[in-house]
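Novice: I have a structure I would like to understand better, so I am pasting it below and will then ask my questions one at a time.
Residue numbers (this note's numbering), protein chains in the order written: chain D, 144 to 557; chain S, 2 to 319.
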């Protein structure tokens, strides 16, 4: 099987590093890709479940651009809707009628939602959600989960990180995941001070097995929020529209007060959304929150088309089926090679880890060998599948995984 | 002495700051004398005839010892204690028993791994034995007093070993000045390969030995303690070293010189120039990793946390 080289990526990266901090920054930084020499850094095109890098290498993408790709790159239906709107106009001197259409669509789709609001990034919406909660309650504190990621604003980052001062995080209280008793303790310790509880629907940290909510956990959280007047914010930015089109809260059986979406909402067109209960609409209206490109019509057209397609294709079920077959196949291969491959998280977005090696270096090598052969896998983050992944992709992926394990066995060690 | 560049606005120099700084000076910086004697021929010749142990004792702690014997130098932390009683405990140490360092209170110079089973293989430049010779005890009335000495403006109170004060005033002062010289790089000095090699070695070991102290004493670094609950981290300058290791555990973290076996996280710097830039805080680390100038693997959250902890060093030592 051919193995790829990435000279073009490396050369372009060195140019980038001269004029861009980090070279490539943020979640696209190559730093967590181990080793970086086994990964492409720059993509030039995509179609369906595949993308092509600057060296001309073709990959089956199991990261989906870290989530936005859900129907396939350059999906013809979504792109056609976007193109038609682009011909009319995108950022104009007025909100687009599509904004109303999209808000009504989301309210119709998501059972608990009475209103919607749009921005660009997931972090725009999580920050807005906390501001709404503070406006509605008059309280300052936000309870979040240890390690929980809600974007890159200073309040969301951990203390001691670059550019974060204690005043940024002093109103954020972190508690363990799946520990409703800890939340209750905070509420008792800080009566009348907690504005919101914010969390992803399940625990999907990087570098760690994903953890689903324990039986009754969300129901207990809901009960505590009701009793203490705390706004329950669901950060559905990563999982939204993959587990359940009505929101991941429906998948896990609870009702939030606010829910934030981004990634899969428009198949890669830049838009995010927050939806909320009617009781919070006036509070949301009172918070001044806006952005230069938040009224773009093209992403709204794309989102409407994307949601329709997700429904038409029964996307969560398709992705769950593919994800199960992928991970079952990989586990079988791992077993035959004498390795234990642990799978956690929902099948649409699984996190895999070889447990044989505490250092994770073996797993890093596995993912690198797969990527060098055309199945783009990261070792630090949950994977994501899309409606564009096909049986052919699955067959090729499993062949790649088989060869990767063979290489690991031949090289030996960790 | 300054290490690892600068870190923004000067912090408030209150009692807590001085206490942390004193521990870093004694347990992370002072051990650099070992490397200077081992790697600088002039300094090795300077102390060649010495046979004594110097104790640094701060009222209420911390304390450290430096031994000169057989043309070598060895430094190690001492247990807490003050005055004569502590001095007696130190004699116990000198005869071979290791002072109990307690939980997470600093660096283990012998390279043994009390928790993780990592093995220290090379890189230790210890003095031959701990017995024999005389003892000089230098007393400091407070951590700030000790820090003033390291800054070049304070004078310790000698408690014993008055017969050896000549060595302290002459040879030891020259040796300390040379250590300070190596820890204050300029672009011009870094252009000298020998200086660059020594500066890099000292910066690397200072960084490693600072980690347990910061995780215990610095409120910001302490927030990352959980990342260091298990496993080990190896830092290596390619192709031929130096290397340091951190042996991690929930109760104690031990820094060692040299390579460690089977680290669970690895940081390898392409060469001494990259290592120098990394340790002096002038490297875009993300870009360097992507380019392969710095190789990281294993439990990356530990690597990330380590970087954030190390950034606290210049707050105390710049």
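Idealized CB from N, CA, C, for every residue including glycine.
Which residues in the same chain have their Cβ closer than 7 Å to the Cβ of residue 332/S, if we skip the five residues on either side of it in sequence?
Specialist: The shown model of chain S, from 2 to 319, leaves out residue 332/S, and the question about it has no answer.
Novice: Give, in chain order, every residue of the stretch 243–266 of chain S whose Cβ lies closer than 9 Å to some Cβ of chain D.
Specialist: Correct list: 263, 264, 265 and 266.
Novice: Do you know whose CA, among 523/D, 261/D and 479/D, lies nearest residue 494/D's CA?
Specialist: It is 523/D.
Novice: Is the shortest distance between the beta-carbon of residue 164/D and the beta-carbons of chain S less than 8 Å?
Specialist: It does: the Cβ of residue 164/D has a partner Cβ on chain S nearer than 8 Å.
Novice: Go ahead and pull the three-state DSSP assignment for residue 303/S.
Specialist: The answer is helix: DSSP assigns residue 303/S an H, G or I state.
Novice: For a contact defined as C-beta to C-beta under 7 Å, what are the partners of residue 507/D on chain S?
Specialist: Here the neighbours are 298.
Novice: Any beta-carbon of chain D closer than 8 Å to the one on residue 114/S?
Specialist: In this prediction, residue 114/S has a pLDDT of 29, which is less than 50 and means its spatial position is unreliable; nothing more can be read from the coordinates.
Novice: If we cut at 8 Å on Cβ distances, does residue 315/S have a partner in chain D?
Specialist: No, because no Cβ of chain D sits closer than 8 Å to the Cβ of residue 315/S.
Novice: Going by DSSP, name the residue or residues bridged to residue 56/S.
Specialist: Its beta-bridge partners are 66/S and 138/S.
Novice: What are the start and end residues of the beta strand (DSSP E) that includes residue 260/D?
Specialist: Residue 260/D -> beta strand (DSSP E) spans 258–262.
Novice: Take the Cβ of residue 199/S as the centre, count every other Cβ of all protein chains shown within 10 Å, and call the residue buried at 16 or more, exposed below.
Specialist: Buried is the call here.
Novice: Let me know the secondary structure DSSP gives residue 79/S once reduced to three states.
Specialist: In the structure shown, residue 79/S sits in a strand (DSSP, three-state: E or B).
Novice: For the stretch 206–214 of chain D and the stretch 446–461 of chain D, state whether three or more C-beta atom pairs, one from each stretch, are separated by less than 8 Å.
Specialist: The stretch 206–214 of chain D, when compared against the stretch 446–461 of chain D, does touch it at the 8 Å Cβ threshold.
Novice: Taking C-alpha atoms, which residue in 310/D, 271/D and 342/D lies nearest to residue 427/D?
Specialist: The shortest C-alpha separation from residue 427/D is found at 271/D.
Novice: Would you mind telling me which residues of chain D sit closer than 8 Å to residue 232/S, beta carbon to beta carbon, in chain order?
Specialist: Within chain D, the residues near residue 232/S are 501 and 502.
Novice: Spell out the partners DSSP gives residue 202/D in its beta bridges.
Specialist: DSSP, once it has assigned bridges, lists 194/D as partnering residue 202/D.
Novice: Closest by CA to residue 19/S, which one among 189/S, 45/S, 311/S and 151/S?
Specialist: The residue with the shortest Cα to Cα distance from residue 19/S is 151/S.
Novice: Since residue 225/S and residue 310/S should fall inside the 8 Å C-beta cutoff, what is the C-beta to C-beta distance between them, to a whole number of angstroms?
Specialist: Yes, residue 225/S and residue 310/S are in contact; Cβ-Cβ is about 6 Å, under 8 Å.
Novice: If we define contact as Cβ-Cβ less than 8 Å, is residue 516/D a contact residue for chain S?
Specialist: No - not a single Cβ of chain S is within 8 Å of the one on residue 516/D.
Novice: Report buried or exposed for residue 124/S, applying the criterion of at least 16 other Cβ atoms within 10 angstroms of its Cβ.
Specialist: In this predicted model, residue 124/S has a pLDDT of only 34, less than 50, meaning its place in the structure is not dependable; the value taken from the coordinates is given anyway. With 16 or more Cβ atoms within 10 Å of its Cβ, residue 124/S is classed as buried.
Novice: Please tell me whether residue 389/D and residue 252/D are closer than 8 Å, where the distance is taken between their beta carbons.
Specialist: Result yes, Cβ atoms of residue 389/D and residue 252/D sit closer than 8 Å.
Novice: For residue 383/D versus residue 408/D, is the C-beta distance shorter than 8 Å?
Specialist: In contact: residue 383/D and residue 408/D (Cβ atoms closer than 8 Å).
Novice: Using a threshold of 8 Å, state whether the C-beta atoms of residue 541/D and residue 476/D are closer than that.
Specialist: In contact: residue 541/D and residue 476/D (Cβ atoms closer than 8 Å).
Novice: Could you name the residues that DSSP lists as bridge partners for residue 102/D?
Specialist: Residue coverage of chain D in this structure runs from 144 to 557, which leaves residue 102/D outside it and unanswerable.
Novice: If you reduce the DSSP assignment to three classes, tell me which class residue 296/S lands in.
Specialist: Strand, per DSSP.
Novice: Output the distance between the C-alpha atoms of residue 289/D and residue 300/D, rounded to the nearest integer angstrom.
Specialist: Straight-line Cα distance between these residues: approximately 11 Å.
Novice: So what does residue 270/S bridge to, in DSSP terms?
Specialist: DSSP lists 238/S and 295/S as partners of residue 270/S.
Novice: Secondary structure at residue 241/D, three-state DSSP: helix, strand or coil?
Specialist: Reduced to three states, the DSSP call for residue 241/D is helix.
Novice: Could you give the DSSP three-state label for residue 148/D: helix, strand or coil?
Specialist: DSSP places residue 148/D in coil when its eight states are reduced to three.
Novice: Going straight from the alpha carbon of residue 158/D to that of residue 166/D, what length do you get?
Specialist: Each residue's Cα considered, the two are about 8 Å apart.
Novice: Buried or exposed, going by whether 16 or more other CB atoms sit within 10 Å of the CB of residue 392/D?
Specialist: The residue in question, residue 392/D, is buried, as its Cβ has 16 or more Cβ neighbours within 10 Å.
Novice: What whole-angstrom Cβ distance do residue 254/S and residue 216/S have, given they're in contact under 8 Å?
Specialist: Yes, they are in contact, since the Cβ atoms of residue 254/S and residue 216/S sit about 6 Å apart, within 8 Å.
Novice: Could you have a look at residue 185/S and say whether DSSP puts it in helix, strand or coil?
Specialist: Looking at residue 185/S - three-state DSSP - the assignment turns out to be coil, as it is neither helix nor strand.
Novice: What residues of chain S sit near residue 304/D, judged by a beta carbon separation below 7 Å?
Specialist: Near residue 304/D (Cβ distances below 7 Å), the residues of chain S are 309.
Novice: Please classify residue 188/D as buried or exposed, where buried requires at least 16 other C-beta atoms within 10 Å of its C-beta.
Specialist: So residue 188/D counts as exposed.
Novice: Return helix, strand or coil for residue 342/D, following the three-state DSSP convention.
Specialist: Note: residue 342/D maps to strand in three-state DSSP.
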